[in-house]
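Numbering (mature numbering (1 follows the signal peptide of the UniProt record, and there is no 0)), first residue to last: -25 to -1, 1 to 709. Heads up, the beta-carbon is just placed ideally off N, CA and C, and yes, glycines get one too. Have a look at the structure below before the remarks.
Here you go:
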């Protein structure tokens, strides 16, 4: 046992010496998501290009070679390479589509993908350097130490990414990383490229360059070996340091995996246009640098859809997308959104064509009913959809965090747009719809945990009464949020950079003069509770909740508050839900990295801890990846709480159900403060898809339908596919 542990750490230490940039496997994974059809047979040159910018950092010690490696990370290097391609191939119609030309193009596409990934991954985007994956990881998980966070991403990031793609030797996904046929373009082209970028032929030969390139392949092979043979050990090390890292790597709005996939899909056509005849490279270089920020078409279209597959499995309906890279099933809303008064599920596919789509699926008979798709939108990264009921009509609300816009739709027509043009507005979206003031008109609670230059966050309450005239209008309207009578909370007196105030919100289920607003301050590991009565923009919290501890704010020493890593707070406050049971009000707050859900009781104008639900899980699965509490719903008819855990059963995912009477009995009769959720008595539904590849995120979203069916989002279905049908996503209706 000791010898095995020693061998493991020796291998890991060796890997740390040969991993560069965002990590070999990370670059290869993102490359696989965007390979154009034309270049599917040019994998060796694509992969070589995806590693090439890191090839000469330390392979052959030389200041000039290190400078070259740095230049290879920026657009001007690609422009010089494109000029070379034009000289050798593009200017000659007989050579433009030759084998050597296409190999060189594939190589440059690989380099391009590397540049896009590194600039966002390492928070190098101009104007956004206080944001981005590296910066946020450093500030929230490593006490602000960017170098430590950088080292973690470069080494552990690869293992986290690969562990999502394949689980073991039986999954074919690992073979993509071990193909040994990496190839540089022909010698004359590569050596001329080096020469044009300041490297003389006597500094490094083509043969030596190949040797340096193969270090990347060796690193990839070693990482695959560790992931296949020491998966649990390496993930325990990674998540022991940073339990939240997997979600940050995937979901961070700038530099996270899904942001990068959307960005690559948007930018790659711009880059490929540079290979067209008569291209003005200077103009195109500018477009290349800005491609991720170019405005997209925002006019909504609608029409019949043919992109969904419907399959029945007993009483279960599985609806999956045929569109790769769509993440269909990320968010779900249920309502009568059309004039036909039928019940629909609005299902988001935020990555589809880098813009995002919303699918409306009739629930009477999903496979037979007409399904419509609304597209395109812009900046759908982190999309959320909600239902807004007013005047006996259901409106579909679509959040577009990338542009800080909230859209209201009725019968697929845009009725109202609420936008925020504040300079420091980032990732504003709708968190929940609720009736705060008891006037029977639903109110909006918006939030942006990344709002502000240093992501301090915000929460905004928009009274429904200020929306009535717009919703009754026959003409689409756009309104700046400052024109509405919104209450804006900024988390004061807490003003810590990266505190992420507004990460989640909910309010007391029923309007009451003694009701509360709950706001997660994620970086501080707490939920702040505000009295709704008399709430205004300068209101201070009434309570501070940290797990079982509920402290009156006036007794809380907020000067000592500090940013805590997820290893301490477990993402307490990730999801919150309120409901009523036999006239009493309850609130659930999840701590999904620790597989816990805390339940609180509102009684006599106070908030009291009631019970902690803990999932009794399989010890063979990394605890931090189970995610019990990722989504929570309450069925008022069955009086039961539903909780998802996407990582249960080695990543397949499951939904758990606990009756409220059982929860009440645990406290009132058995005097328990911890309730263990077990498979034998509380497993409601396990993922029925036995052939899903990679981590599918089963249960990322849930919605209860009035007829007691449940809709489950599986947005990362086919995540482990690195060929066709990648990340198609699905929903399951049970």
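Item, Value
"What is the rounded straight-line gap between the Cα of residue 720 and the Cα of residue 629?", "With the chain covering only -25 through 709, there is no way to say anything about residue 720."
"How many angstroms separate the CA atom of residue 57 from the CA atom of residue 249?", "7 Å"
"Span of the alpha helix (DSSP H) holding residue 431?", "Element bounds for residue 431: n/a, residue is neither H nor E."
"Rounding to the nearest angstrom, what Cα-Cα distance links residue 620 and residue 55 in this structure?", "49 Å"
"Is residue 127 helix, strand or coil by DSSP?", "helix"
"Determine contact between the stretch 304 to 316 and the stretch 214 to 229, defined as no fewer than three beta-carbon pairs at a distance below 8 Å.", "no"
"Does the stretch 437 to 444 touch the stretch 454 to 463, meaning 3 or more C-beta pairs lie closer than 8 Å?", "yes"
"For residue 348, which option in 68, 122 and 331 has the closest C-alpha, if you only look at C-alpha atoms?", "331"
"So residue 375 is in the beta strand (DSSP E); what residue range does that whole segment cover?", "368 to 375"
"Terminal residues of the continuous alpha helix (DSSP H) containing residue 623?", "623 to 626"
"At the level of alpha carbons, what is the spacing between residue 471 and residue 286?", "49 Å"
"Between the Cα of residue 204 and those of 233, 237, 238 and 149, spot the shortest distance and give me the residue it belongs to.", "149"
"For residue 710, which beta-bridge partners are listed by DSSP?", "Residue coverage of the chain in this structure runs from -25 to 709, which leaves residue 710 outside it and unanswerable."
"Please state the DSSP three-state secondary structure of residue 650.", "strand"
"Pull up the DSSP beta-bridge partners for residue 399, would you.", "In DSSP, residue 399 forms no bridge with anything."
"Using C-beta distances below 7 Å, list every residue in its chain close to residue 661, excluding the 5 sequence neighbours before and after it, in chain order.", "624, 627 and 629"
"Shortest alpha-carbon distance to residue 501 belongs to which of 564, 451 and 554?", "564"
"From residue 561 to residue 393, what does the alpha carbon distance come to, in whole angstroms?", "31 Å"
"Looking at the secondary structure, which residues open and close the beta strand (DSSP E) in which residue 631 lies?", "629 to 634"
"Beta strand (DSSP E) containing residue 566: first to last residue?", "559 to 566"
"Would you tell me roughly how many angstroms separate the C-alpha atoms of residue 495 and residue 684, rounded to the nearest one?", "30 Å"
"From 591, 358, 191 and 606, pick the residue whose C-alpha is nearest to that of residue 2; which is it?", "191"
"With a threshold of 8 Å, are at least 3 pairs of Cβ atoms found where one atom belongs to the stretch 200 to 217 and the other to the stretch 155 to 166?", "no"
"Let me know the secondary structure DSSP gives residue 422 once reduced to three states.", "strand"
"On the DSSP bridge assignment, give the partners of residue 96 in chain order.", "DSSP lists no partner for residue 96."
"Consult DSSP for residue 619 and reduce its assignment to one of helix, strand or coil.", "strand"
"Is residue 577 helix, strand or coil when you go by DSSP?", "strand"
"Measure the beta-carbon distance from residue 602 to residue 302 and round it to whole angstroms, keeping in mind my assumption that it falls under 8 Å.", "Contact doesn't hold; Cβ gap of about 17 Å is too wide."
"For residue 572 and residue 454, what's the separation of their Cα atoms in angstroms?", "38 Å"
"Name the DSSP bridge partner or partners of residue 283?", "296"
"Looking only at C-alpha atoms, which of 442, 226 and 427 sits nearest to residue 364?", "442"
"Could you give the distance in angstroms between the alpha-carbon of residue 490 and the alpha-carbon of residue 506?", "6 Å"
"Would you kindly report the start and end of the unbroken alpha helix (DSSP H) that includes residue 2?", "-2 to 7"
"What first and last residue would you give for the beta strand (DSSP E) that runs through residue 711?", "There is simply no residue 711 to check, as the chain begins at -25 and stops at 709 in what is shown."
"Where does residue 642 sit, in a helix, a strand or coil, going by DSSP?", "helix"
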